[in-house]
Each structure stands twice: as structure tokens, then as C-alpha cells.
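Residue numbers (the numbering used here): 332 to 751.
Beta carbons: idealized from backbone N, C-alpha and C, even for Gly.
Heads up: the structure comes next, in C-alpha cells.
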């Protein structure tokens with residue numbers, strides 16, 4: 332068979348391997364929903380297991396969050412590398428099954444240390460982002476990848492909104508119920524994957540597993556030779572650190588300086604999550620088709636810069652509600668970067684790439700909260716200069732830097748197939 336016929340044959344196989352995108356979005360939804368489901372129960376659970384006061388429980392709760400992020404940072408490249416070796420389908424299924432059993436163990440944890448170990452395992456298995464996104468890179472045509480990555484991001488945003496709401500309802504029934512619900516979702520996704528998901532990585536495109544490449548730093552060093560991937564990974568880290576302002580500061584900023592109740596804060600967070608889901612799941616595909624990934628990505632980051640500055644100087648609750656929704660547009664940059672990085676990466680290293688992306692995001696989640704909280708405390712102390720919006724100004728500066736990094740990396744990337 333000549334080369335042209337082989338290429339034609341390979342192209343004809345792509346639609347047959349195209350993954351069910353909404354199943355993959357459901358898997359990503361479960362990752363985020365599983366985290367959110369247990370948020371309402373953690374304070375009371377930590378108090379019950381340790382006998383600590385509520386303020387001490389808050390510190391231990393922070394340890395659980397840090398353990399989760401650290402485990403995801405360490406294990407995302409491992410999960411991604413295993414999916415490059417054994418295929419996406421088996422790795423996804425086994426990760427979901429392990430995640431389900433882990434939630435069952437946490438439901439009946441007899442001590443805080445069991446709970447801590449459970450959160451570490453959850454963080455490691457929560458790296459299913461890597462093989463799920465790799466399915467998109469394997470089998471979705473280049474011009475459609477940005478939209479597909481956006482749909483997976485929308486699934487994660489939906490989990491971010493739905494998880495705490497469902498968990499808050501279930502904890503009233505039984506303290507163990509949120510964990511058991513998270514386990515049921517993980518098992519349901521594993522069963523659906525067995526029934527519906529076809530393998531997207533054929534044997535001839537797989538590579539040997541290397542532990543040196545599967546460590547987080549080994550994986551990141553592996554991509555230093557690609558200016559496109561290296562540039563976008565730096566951009567992702569910068570944007571992720573900036574985005575942690577909404578996790579670490581938003582509840583305190585709105586409560587202390589605008590008098591918001593927990594209900595109002597919860598409503599704003601839910602609106603933010605819905606806005607991200609709409610931005611990534613609906614608007615991203617349209618913007619990429621109309622303007623291309625590079626131009627759309629730069630534009631939404633610059634919108635994010637303006638949004639952070641306006642939040643820092645907002646005067647009314649209405650302004651804040653509008654601005655938190657507008658800030659969700661920034662998240663359109665994520666699928667744009669994923670699509671451009673996937674085009675710059677060999678076919679046998681897509682899992683490794685997605686592992687590096689997930690690991691970089693986890694690193695930003697580790698760095699960001701203490702930085703943003705520290706700035707908020709420093710500028711909210713009446714003994715010094717008072718500027719409660721200072722963390723948002725820092726986030727604006729970081730996002731502006733990210734926009735410059737994005738433009739530089741995009742300028743080195745392959746032509747965008749969707750650019751008019």
C-alpha cells in the first residue's frame with residue numbers, strides 16, 4: 332500500500348475511534364463533583380474524628396485540600412504515561428473503580444489519618460483528566476479539538492457547581508452519604524466506560540512506560556524541548572495561580588467588605604460555575620470556529636485582566652455578581668491551549684502531555700491559595716494600607732503576564748486549522 336493510501340486509510344479510521352465526548356465530560360464531572368460532594372461534610376467529620384474545635388478543624392481541612400492537590404501533582408503524569416502505554420480505556424476504567432472504592436473507605440474512616448490517606452488516593456486517582464483529555468487528542472480532528480476540550484471543561488465546571496449542592500443535601504440524611512454518593516458516581520462512570528467507551532489509542536501508537544518521564548518534574552522537563560508546550564505550560568501555571576483568588580479570597584472579601592451571607596456567597600459561586608460551563612461548553616466552540624484558538628485565547632485573557640481590576644474596585648453587590656460571571660470567559664483560554672499543545676505533541680505522548688497539564692494545574696492550586704490569602708491579610712489589616720481588592724490586582728497582573736506568554740507560545744505553534 333502506498334503512502335497516500337495508508338494516510339487515507341488512517342483518516343478513514345478516525346471517525347470509528349471518535350470517543351463519546353459527553354461520556355468523557357461525565358467522567359470529568361465526577362472528578363469535580365466527587366470533590367465538591369464531600370466539602371459540606373468535611374468540617375463536622377474532622378471534628379468528630381479528631382475532637383478538634385471548629386477553627387482547628389479548618390486547619391486540618393486545609394491539610395486535606397493540600398494533600399489532594401499534591402497527590403494530583405505527583406500522579407497525573409503517571410496516569411497519563413500509563414495511558415500512553417496501555418491505552419486510555421483500561422486506565423480510565425481502573426482509575427474510576429479505584430476512586431469508587433476509595434470513597435467507600437473514606438465513608439467509614441475510623442480516624443483522621445484514614446481520611447487523609449483517602450484524600451491522597453483521591454487526588455492520585457482524580458488525575459483521570461489526563462486519559463480523558465487524551466481521548467480527544469487521539470481521535471478528534473485538529474480543527475474540532477478546542478470545542479471538544481471545552482465540553483470536557485464544561486463537565487468539570489458543572490461538577491464544581493453540583494457537587495457542593497448535592498453534598499449539602501445528602502449530609503442532612505447521613506454524614507457518610509456524600510462519600511457513598513461519590514462512590515456510586517465513580518462506579519457508574521466505570522460501568523458506562525466498559526459498555527460504551529472504545530479505545531482511541533491503537534497499539535502501534537503506544538510507547539514504553541518510563542518512570543523517569545512519569546515523575547512530575549521528569550514530565551515537565553520532557554516538554555522543555557518544545558517551545559510551544561513549554562510556553563503554554565508556563566501560561567497555565569500563571570493563570571491557575573491567578574484563578575485561585577476566587578477560591579481563597581472571594582468568600583472572605585465578599586463577607587467582610589460587602590456583608591454577604593453564606594447563601595449569597597454560595598449563589599455567587601454557583602453562578603460562577605454555571606458561567607464557566609456555558610463559556611467552555613457553548614461559547615468556546617463558536618469563538619474558535621469564528622476567530623481561531625489563538626486570537627480567542629488572547630482576547631479572553633485580556634478580558635480577565637479587566638475583570639479582576641474591576642472586581643478589586645467594585646462598589647456594589649450587583650457589580651460583583653456581574654463581574655464574577657464575566658470572569659468565567661477567561662476559562663475559554665484553557666481548551667484553546669490544550670488544542671494547540673496537542674498539535675505540537677507526538678501521537679504517542681498525548682497522555683504524557685495531559686498529565687503534565689494536570690500536574691501544572693495542581694501545582695498552581697498549591698501555590699495560589701497561600702499567596703492570595705497572604706496578600707488579602709496584608710492589605711486588610713487596618714494597621715497598614717487597606718486595599719481589600721489587592722489580591723485581585725495581583726491576579727490581574729498575573730493574567731496580563733499570562734496573556735503575553737500565551738501570545739508568544741501561540742506565535743510558535745502550528746497554524747490554527749480554524750483560523751479564517
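Practice task
Would you tell me roughly how many angstroms separate the C-alpha atoms of residue 628 and residue 700, rounded to the nearest one?
Solution key: Numbered from its first residue, the chain shown carries residue 628 at position 297. Numbered from its first residue, the chain shown carries residue 700 at position 369. About 24 Å.
Practice task
Count the other CB atoms, across all protein chains shown, that sit within 10 Å of the CB of residue 730; report buried if there are 16 or more and exposed otherwise.
Solution key: The residue labelled residue 730 in the question sits at position 399 within the chain shown. It is buried - the Cβ of residue 730 has at least 16 other Cβ atoms within 10 Å.
Exercise for the section: Compare the C-beta of residue 640 with all C-beta atoms of chain D and state if any pair is closer than 8 Å. Expected result: Annotation note: the requested chain D is absent from the structure, which comprises a single protein chain.
Handout entry: residue 617 classed as buried or exposed, judged by whether at least 16 other C-beta atoms fall within 10 angstroms
Key = Residue 617 sits at position 286 when you count from the first residue of the chain shown. Its Cβ having fewer than 16 others within 10 Å, residue 617 is exposed.
Handout entry: Nearest-angstrom Cα separation, counted from residue 364 out to residue 604
Key = Counting from 1 along the chain shown, the entry for residue 604 is found at position 273. Counting from 1 along the chain shown, the entry for residue 364 is found at position 33. If you take the alpha carbons of residue 604 and residue 364, they lie about 12 Å apart.
Exercise for the section: Please name the residue, chosen from 541, 641, 600, 440, that lies closest to residue 719 on a Cα-to-Cα basis. Expected result: Taking the first residue of the chain shown as position 1, residue 719 is located at position 388. A check of alpha carbon separations from residue 719 across 541, 641, 600, 440 identifies 641 as the nearest.
Practice task
For the stretch 460-473 and the stretch 658-677, state whether three or more C-beta atom pairs, one from each stretch, are separated by less than 8 Å.
Solution key: The stretch 460-473 vs the stretch 658-677: in contact.
Problem - Any non-hydrogen atom of the ligand MG closer than 7 Å to residue 655 Cβ - result: Absent from the structure shown: the ligand MG. Ligands present: none.
Problem - Beta-carbon spacing of residue 559, residue 419 below 8 Å - result: What you label residue 559 is simply residue 228 of the chain shown in a count that begins at 1. What you label residue 419 is simply residue 88 of the chain shown in a count that begins at 1. Against a cut-off of 8 Å, the Cβ pair of residue 419 and residue 559 comes out as no contact.
Exercise for the section: Give the DSSP-derived three-state secondary structure of residue 646 in the structure shown. Expected result: Along the chain shown, one-based indexing puts residue 646 at 315. If DSSP states are grouped into helix, strand and coil, residue 646 belongs with coil.
Practice task
Look at the alpha carbon of residue 484 and the alpha carbon of residue 624, and state the distance between them as a whole number of angstroms.
Solution key: Counting from one through the chain shown, the residue named residue 484 turns up at place 153. Counting from one through the chain shown, the residue named residue 624 turns up at place 293. So the alpha carbons of these two residues sit roughly 15 Å apart.
Practice task
Taking residue 527 as the reference, give the member of 358, 444, 734 with the closest Cα.
Solution key: As a position in the chain shown, residue 527 is number 196, starting the count at 1. The candidate whose alpha carbon is nearest that of residue 527 is 358.
Practice task
Decide if residue 755 is buried, meaning its Cβ has at least 16 other Cβ atoms within 10 Å, or exposed.
Solution key: As displayed, the chain neither begins before 332 nor continues past 751, which places residue 755 out of reach and without an answer.
Practice task
Please say whether residue 498 and residue 374 have beta carbons closer to each other than 8 Å?
Solution key: Walking along the chain shown from the start, residue 374 turns up at place 43. Walking along the chain shown from the start, residue 498 turns up at place 167. It is not a contact, given that the beta carbons lie outside the stated cut-off.
Exercise for the section: Using the Cα positions of residue 510 and residue 739, report the straight-line distance between them to the nearest angstrom. Expected result: On the chain shown, residue 510 is found 179 positions in, with the first residue counted as 1. On the chain shown, residue 739 is found 408 positions in, with the first residue counted as 1. For residue 510 and residue 739, the distance between alpha carbons rounds to 44 Å.
Handout entry: DSSP state of residue 372 mapped onto helix, strand, coil
Key = Indexing the chain shown from 1 puts residue 372 at position 41. Coil at residue 372, not helix or strand.
Handout entry: For residue 693 and residue 403, believed in contact at Cβ under 8 Å, the rounded distance
Key = To locate residue 403, count along the chain shown from 1; it is residue 72. To locate residue 693, count along the chain shown from 1; it is residue 362. Sure, about 4 Å apart at Cβ, within 8 Å.
Practice task
Kindly indicate which three-state DSSP category residue 530 falls into: helix, strand or coil?
Solution key: On the chain shown, position 199 is the one that residue 530 refers to. Correct three-state label for residue 530: coil.
Handout entry: Proximity winner among 533, 648, 633, 424, relative to residue 586 (alpha-carbon distances)
Key = Working through the chain shown from its first residue, we reach residue 586 at position 255. Of 533, 648, 633, 424, the residue nearest in Cα terms is 648.
Exercise for the section: Identify which residue in 584, 493, 376, 415 has its Cα closest to the Cα of residue 360. Expected result: Working through the chain shown from its first residue, we reach residue 360 at position 29. The option with the nearest alpha carbon to residue 360 is 493.
Exercise for the section: Go ahead and label residue 588 buried or exposed: buried means 16 or more other beta carbons lie within 10 angstroms of its beta carbon, across all protein chains shown. Expected result: Indexing the chain shown from 1 puts residue 588 at position 257. The residue is exposed, with fewer than 16 neighbouring Cβ atoms inside 10 Å.
Handout entry: First through last residue of the alpha helix (DSSP H) which encompasses residue 673
Key = For this step, residue 673 is matched to residue 342 along the chain shown. First-last of the alpha helix (DSSP H) with residue 673: 664-674.
Problem - Exposure of residue 591, with buried meaning 16 or more beta-carbon neighbours within 10 Å - result: Residue numbering aside, residue 591 sits at position 260 when the chain shown is read from its first letter. The residue is buried, with at least 16 neighbouring Cβ atoms inside 10 Å.
Practice task
Closer than 6 Å by C-beta to residue 669: which residues in its own chain qualify, once you throw out the five before and the five after it? Chain order, please.
Solution key: On the chain shown, residue 669 is found 338 positions in, with the first residue counted as 1. Counting only Cβ-Cβ distances below 6 Å, and skipping sequence neighbours, we find 480.
Handout entry: Three-state secondary structure (DSSP) of residue 507
Key = Translated into the one-based positions of the chain shown, residue 507 becomes position 176. It is coil, neither helix nor strand.
Problem - Own chain residues within Cβ distance below 7 Å of residue 283, not counting five before or after - result: Absent from the structure is residue 283, since the part of the chain shown begins at 332 and ends at 751.
Exercise for the section: Taking only the alpha-carbon atoms, compute the straight-line gap between residue 734 and residue 456 and give it to the nearest angstrom. Expected result: On the chain shown, position 403 is the one that residue 734 refers to. On the chain shown, position 125 is the one that residue 456 refers to. Cα to Cα, the separation comes out at about 31 Å.
Exercise for the section: Give the secondary structure of residue 557 by DSSP, where H, G and I count as helix, E and B as strand, and everything else as coil. Expected result: Translated into positions along the chain shown, residue 557 becomes position 226. DSSP places residue 557 in coil when its eight states are reduced to three.
Problem - Helix, strand or coil at residue 546 according to DSSP, with G and I counted as helix - result: Counting from one through the chain shown, the residue named residue 546 turns up at place 215. In the three-state reduction of the DSSP assignment, residue 546 falls in the coil class, being assigned neither a helical nor a strand state.
Handout entry: Cα-Cα separation, residue 531 to residue 349
Key = Residue numbering aside, residue 531 sits at position 200 when the chain shown is read from its first letter. Residue numbering aside, residue 349 sits at position 18 when the chain shown is read from its first letter. One C-alpha to the other measures close to 7 Å.
Problem - Exposure label - residue 504; buried when at least 16 CB within 10 Å - result: Stepping through the chain shown from its first residue, residue 504 is reached at position 173. The residue is exposed, with fewer than 16 neighbouring Cβ atoms inside 10 Å.
Problem - Length of the line joining the Cα atoms of residue 341 and residue 533 - result: Locating residue 341 in the chain shown gives position 10, counting from the first residue. Locating residue 533 in the chain shown gives position 202, counting from the first residue. The predicted model places residue 341 with a pLDDT of 40, which falls under 50 and marks its position as unreliable, so this point remains unresolved.
Practice task
Report yes if the CB atom of residue 272 is closer than 8 Å to the CB atom of residue 683, and no otherwise.
Solution key: One cannot answer for residue 272 here, as it falls past the ends of the chain, which runs 332 to 751.
Handout entry: Under the three-state DSSP convention, the category residue 537 falls into
Key = Here residue 537 refers to the residue found at position 206 when the chain shown is read from its first residue. In the structure shown, residue 537 sits in coil (DSSP, three-state: anything other than H, G, I, E or B).
Practice task
Give the straight-line distance between the Cα atoms of residue 351 and residue 525, rounded to the nearest whole angstrom.
Solution key: In the chain shown, counting from the first residue as 1, residue 351 sits at position 20. In the chain shown, counting from the first residue as 1, residue 525 sits at position 194. Computed Cα separation, rounded: 12 Å.
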